[in-house]
Amino acid sequence: MITLGIDLGSNTIKTVVLEDGRDVLGSCVRKSGYDTKIITDECVREALSQAGAKFDDIKKIVATGYGRVSCDIAHKEISEITCHGKGAYFRMPEARTIIDIGGQDSKVISLSDNGKVIDFVMNDKCAAGTGRFLEVMATALGVALDDFGEISGKADKMIDISNTCTVFAESEVISLLARREPVENIIAGLHKSIASRVLALASRLRIQEPVVLTGGVAKNLGIKRALETVGKINIGIPVSPQTIGALGAALHAYALTLK
Amino acid sequence: MPKIDSNKKLRNLMKKYYVKAKLGAKYWPFTKTCWITSGGPVEILIAMGITPIYPENHGAMIGAVKMGVELSGEAEKLGYSQDLCSYFRCDVGQAVTQKSPVGGLPRPDFLLCCNNICGTVLKWYEVQARYYDVPLVFLDTPYNYDGLNDDIVNYVKEQFESIIPEIEKITGRRLNEKKTKQVAQYANEGIKLWNEILSTCENVPAPMTCFDAFFYLAPIVTLRGTKHVVEYYKGLKKELEALIAQGKGAVENETYRLVWDNLPIWYKMRRLSKTLASYGACLVGDTYTNAWADNDINPDDPFGTMARAYASVYLNRNVDAKIENFTSLIKKYKADGFLIHSNRSCKPYSFGQFDIKDEVSRRTGLPGLIIEADMCDTRAYSDEQIETRLQAFIETLKERKEAS
Amino acid sequence: MNAKNFPEIVADICANPYEQLKRYKAAGKNIAGYTCSYVPEELLDAFGYIPYRLLGRAQNIRQADRYLQTYCCSQIRSLLEDFINDEYIGIDAVIFAHTCDSMQSFHDIFKRNNPDIFVKNVNFPTSINNDIAFRYALAELKNFAAALEEHTGKTLDRDALVESISVYNLNRGLLDKLYALHRSYPKEIPGVTLHHTVVASMISDKRDINGILESYLGTFDENEPEDDKRKRLMLIGSINISEDIYLLADEFGAMIADDDLCTGRRYFAQQVTEPTIEGVARRYFSRPHCAAKHRGLYSREHYLTGLAGKCGIDGAIFLYLKFCDPHSFDYPDLRKGLEAKGIPSQLIEIEQSLAPSGQIRTKLQAFLEILE
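Protein chains in written order, with my numbering: chain U, 986 to 1244; chain L, 6 to 409; chain P, 31 to 402.
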C-alpha cells in the first residue's frame, strides 16, 4: 500500500512515497518558488516516478510544514513537530532528542522510548538560531550558504560572535571582515553562535541522548560540529535528514489507512 | 581612575564584607543573612546585626567581569526570558551554579524586598524565595505618580511597624531603639559624605569620573548605617580634595563635561572610559550614584522619616521629577552635554528617556545622546554602533565649543 | 436585537472598537478610557462616564517609537500609536492603575504629552494580601473619587454607586455563566464568543450588553449538554486581543475551557459583595490577581491548579505577550507547578504589532497532537 507525505517548508518542499509504512520508494526535495502548488505537483510526480507508482495508487496523503494548510490534495494535515518525531524515530529508533533547524523556525523535540513526542520548544520571534540567521550572514560574507560546511571545516578557531541579534551580528561580521579575520573562522563562529542559541532552547527540555539533527541544515557539517563542541554531546544524522518531516507525514498517512 | 589609597581600601573593604558574609553564613550558626534590594531599608538589618547581601551589587560584579552571558544562560535554560532584567538572570545563574567573582552568594535566611526602585525586584525576590524556600518580607512603596502624599507615607510607615516584628520572628533578634538611632546617625553621615564626594566633581577639572563613582558607590549601598562606611568615605573625600588642591583632573585635558543617566554598562566600563578620555570627555555626574545621596533620616523619628525617604527615592518619582533632577545635575556640574543609557534590563529607569532627553535639552540648551545597551548582557551591546555614535556626539560638542 | 445573533453582535463590536466609541460619543456620553482591570469601573460609571477599556490595536508601530523604546511591550506601544493616530478622539479621560513598570512609565509619558485630557492614576498597592494594604487601597479609591468629584463638579451619589455596582455584578455573573455554558456547548458557543463578549463588555455600557447576553444564555438548556469529548485548554497570560488562538483551538477540535487573562476571567471574576467603595476595594483583594500584584509566593500557582482541576483542563497555554515582565517571571515556576499536577503546557509568544505567525498554528497543533 502506497502513502505520500508532503512537507511544505518555508524554503523547500519535500515529498516521500512510502510502501506499507516500511519502505521509502521515492523522495524529492525542491526549492519552493512563488507558486507552491506547481512545485508541490512536480515534487510529488518526481517521488512517484522514482517509486514507479501513479497518483491513483496513493491511499492516503498527509501534509506538514508551514504550507500544510493550503495543500488541497492532502487528506490530513499534521504539525511538523509530530512528523519530525515520527520520521526520526523510524530512521533512528534510539533517538530521544531531535534538533531541527529550519528556515524560519528551530525546534527541539523530546521523544519517549516508544517514539511519542513528550514535549517540544521552538525559537521565539527572532531570527537568531534559525536558518534565516545563516542566510543573512551568507549575504554579508558574500559566500554561498551551501559552502558554509566545507569552508568552516578549514577553521582553526571559532570566533566569538557576541551579538545574537541578527542586525548586530551582521555589523559584527562586517567589522570582523574589515579586520581581516579569515572567513572560515568567522563562519565557524557563526555556527557556534547558532549552536549556542539552539542548545539554550534545548536545555529548557531535559536533553537526552542520543540527539539527532534533522532538516536541511543537517547537510552543513559545520553546524553538527558546533553543536557537538558547544553542547559536549554526540549528534547523529539520519539518512536523508531533509526529508524526515515528509517521511513522518507518509508514516502518519499509513497509520490513517489502518484506522 | 585616580591613583589613590582609597581604591585598594575599597577592594579590601568589599572583600572583607563578602568573605565575612560567606564564612559567617556557612560556619557560624548564629549568623542571619538577608538578601535585600538596593533601595531597601538596610538600617533595620544593620541595627539587628543581620548580614545584608545585595544581589544587585553582586550582579554588577558579575557584569564587570563579563560573566553575565554565562550566568544569564543558566536562567534562560530554566525558561526565563532573555528579555528579563539581567541582574535577575545573573542571580538565578549564580544560585544554580555557585559561580561568580566571589563564588556565589551565601544562602539567605530571608529576603527583604522594597519595590521603590522597580516592580521587577518583587518578581525576582518571589522567584528566589521559592527557590531557597525562605520567607519574603515585602515593603510596598507606591510610585509617586502625583508626588508623595500622606497616604503613601502612612502606608509605608505602617508597614515598617509590621515588618519589624516579622523580621524579629524570622530571626529571633530584637530591634532596639538605641541601636536604631545610632545606625540612623551613621547612615545620615555616610549619605552626607557620599553627597560631598560626588560634589567634588563640580570642580574643573573633576578629580574623578563617574566610572570611579560607580566603583566607590558599593559601600553606601551595601554597608550604609555602619561606621566602616563613614570612615572609608572620610578617607576618600580627603584624597579627592587633595587631588583638587593639586589641580589634578581624572581625565587629561578635560574638555567636555558630561552627565550620565541610568546604570553603568558594567562590562564596558574600561573601554568606554578610555574612549571618552581619548576625546577629553569626562563623566562628571550621574543620576544613578546620586540616588543614594539624598536620603535623610531623623534619628528621633527613624520610621516616619524612613517611610518618607524610602517612598520617594529617585526611581520612585515620576518622569517630571526625573527631568527636574537631571536638569539640576547638569547645572550643578557645569556639563556640556549628557549621555543617556537606554538599558534593556531596566524598563522603569529607561522608559521616559525620550521625553527626558527632549525636555532636558530644551531647558539647558545642551545636546544629549541616547545609547541602547544593557547593564550586564553583552549580547545587547555593539561596539561598532555605540562608538560611532559617541564619536559623532563628541564632534557636535566640538563644533559647539568652537562656535561659542 | 435577536438573542440568536448575539455572537455576531459582540464580534462586530470587537471588530470595530473605535466605532463603538464614536457611537457613544454621538449619543452625548462621556467616555473614560482605562488601561487596566484594576481601575474601578463602577466609580467611573457612577460619575456618568462610560468606562472604555483601552487595548492597543495598531499593527504598524512607527510614531510611538518617538516616545517608547522597542523593548516596551507591544500593548503599550500599540495603544500609544492609536492615540497618535487619533483613533481615540473624543475620549474625555484616561485612567491608569498601578501595575507594572512599563505601564507606570507610560502613564508619565502619556500625561506629559496629553495636557488636554484628564489623566489620573489609581495608585493601587502592589500588596493585596494584608489589612494595611487594604486601608491604603481604600484611601486611594477615595482619593480617586475625590479627584473625579473635583474634575466633574459632581458629588459621588451613593444610589448611583449602588446601581452601578449591581449592573457590573450582573455583567460579571453573566460572563461567568457564559464560560460555564461554553464548556457544555462548545459547538454552539464557540470559544471566540467568550473572547468577544468579554472585550465587548469592556468597551460598552454594561447595560447595553447585559440584556442581550442574558437572553442569549437563556436559549441554552443547562440539562442537555452537547456530547463532546474535546480536549480542554486553559489560557494563561496578560492581555490578548487576538482571536487566533480561539479560532485555531476550534479548528483543531479543542476547547478553550477557561483562562487566567486580563482580557478574560480576571476581568469579571468575583462580585462586589457590599455596594460601597469598601466593597469595590475588597473585590480586588479577593479576585484572581495579575502577576504584577503580590499575594504571597504561591497564590497564582494554587489558583491555577485549582482552576484547572475544576474545569478538567488537559493542557495549558501560556500566552506570553513579549516584554510583559511580570508574567514572564512567573512562567517557569507556574509551568512546573502545573506539570506536578499532571497538566502539560506550551508557551506561545504573542505580539500586538505582528501578524500571527504560522508558529502559533504549529505549536498549538503539535501540543494537541501530544495530548491525544
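Glycine is no exception: its CB is placed at the ideal position from the N, C-alpha and C atoms. On a predicted model such as this, the values are computed, not experimentally measured, just so you know.
Buried or exposed, going by whether 16 or more other CB atoms sit within 10 Å of the CB of L/ARG367? That one is exposed.
Nearest-angstrom Cα distance between L/MET19 and L/LEU127? Roughly 26 Å between the two C-alpha positions.
When the Cα atoms are used, what is the spatial distance from P/LEU84 to U/SER1097? 46 Å
With contact counted as at least three CB pairs below 8 Å, one residue from each stretch, are the region 1015-1034 of chain U and the region 356-376 of chain P in contact? no
At which residue ranges does the region 1083-1161 of chain U contain complete alpha helix (DSSP H) runs of 4 or more residues, listed in the order of the chain? 1116-1126, 1133-1137
Where are the beta strand (DSSP E) runs, 3 residues long or more, that stay fully inside the region 77-155 of chain P, in chain order? 79-83, 123-127, 148-152
Contact check, L/LEU263 vs L/TYR293, beta carbons under 9 Å: no
Using 8 Å as the cut-off, can you tell me whether the region 86-106 of chain L makes contact with the region 372-383 of chain L, which would need three or more C-beta pairs spanning the two stretches below that distance? yes
Applying the 10 Å Cβ sphere with the 16-neighbour rule, what's the burial state of P/ASN253? Burial call: exposed.
Measuring CB atoms only, is the region 272-287 of chain L touching the region 205-217 of chain L, in the sense that at least three cross pairs come out at less than 8 Å? yes
Counting only beta-carbon separations shorter than 9 Å, does U/THR1151 have a partner in chain P? no
Using a Cβ-Cβ cut-off of 6 Å (strictly less than) and excluding sequence neighbours within five positions of P/SER268, which residues of its own chain qualify? CYS292, LEU351, CYS354, HIS357
Is it right to say U/ILE1094 is buried, meaning 16 or more other beta carbons lie within 10 angstroms of its own, or is it exposed? buried
Short check: CB of L/PRO353 to CB of P/SER132, under 9 Å? yes
Looking only at C-alpha atoms, which of L/LYS27, L/TYR137, L/SER355 sits nearest to L/ASP266? Residue L/SER355 is the option with its Cα nearest to L/ASP266.
Residue interval of the beta strand (DSSP E) (run including U/LEU990): As written in the sequence, residue 990 of chain U is Gly, which differs from the Leu given in the question. Counting along the chain, the beta strand (DSSP E) containing U/GLY990 begins and ends at 987-993.
Jot down the residue ranges of each uninterrupted beta strand (DSSP E) in the region 309-375 of chain P, minimum 3 residues, whole runs only, in chain order. 345-351
What does the alpha-carbon distance come out to for the pair L/GLY230 and L/ALA189? 6 Å
Considering only residues of the same chain and omitting the five flanking positions on each side of P/GLY309, which have a CB-CB separation below 8 Å? ILE195, VAL302, THR303
Which word fits P/ARG213, buried or exposed, when buried means at least 16 other C-beta atoms lie within 10 angstroms of its C-beta? Result: buried.
In chain order, each beta strand (DSSP E) run of at least 3 residues that lies wholly inside the region 264-293 of chain L: 286-291
C-beta neighbour in chain U for L/GLU329, strict 9 Å: no
Would you mind telling me which residues of chain L sit closer than 7 Å to P/PHE353, beta carbon to beta carbon, in chain order? Annotation: Cβ neighbours of P/PHE353 in chain L (cutoff 7 Å, chain order): ASP88.
Name the DSSP beta bridge partners of L/GLY152, please? L/TYR150
Between P/ASP116 and L/ASN323, which are expected to be in contact by the criterion C-beta below 8 Å, what is the C-beta distance as a whole number of angstroms? Actually they do not touch by this definition, with Cβ atoms about 26 Å apart.
Assuming the contact rule is C-beta atoms closer than 8 Å, P/ARG87 and P/SER108 should be a hit. Round their C-beta distance to whole Å, please. 6 Å
Please check the pair U/ALA1073 and U/PRO1223, which I expect to be a contact at CB under 8 Å, by giving their CB distance rounded to whole angstroms. 6 Å
Compare the C-beta of L/ARG384 with all C-beta atoms of chain U and state if any pair is closer than 9 Å. Taking CB atoms only, L/ARG384 has a neighbour in chain U less than 9 Å away.
In chain P, what lies closer than 7 Å to L/ASP145 by C-beta? PRO155, THR156, SER157, ALA163
So which residues of chain L does U/ALA1185 contact, with C-beta pairs closer than 9 Å? GLY78, GLU81, LYS82, GLN87
May I have a chain-ordered list of the beta strand (DSSP E) segments no shorter than 3 residues that lie completely inside the region 19-98 of chain L? 38-41, 56-58
Any contact of the region 1099-1117 of chain U with the region 1064-1084 of chain U, i.e. 3+ C-beta pairs under 8 Å? yes
Beta-carbon proximity check, P/LEU110 vs P/TYR101, cutoff 9 Å: Result no, Cβ atoms of P/LEU110 and P/TYR101 do not sit closer than 9 Å.
Reduced DSSP secondary structure (H/G/I, E/B, other) of L/THR310: helix
Assess contact between the region 226-244 of chain L and the region 337-354 of chain L, defined as three or more Cβ pairs (one per stretch) separated by less than 8 Å. Is contact present? no
Below-9 Å beta-carbon distance, L/VAL74 vs any chain U residue: yes
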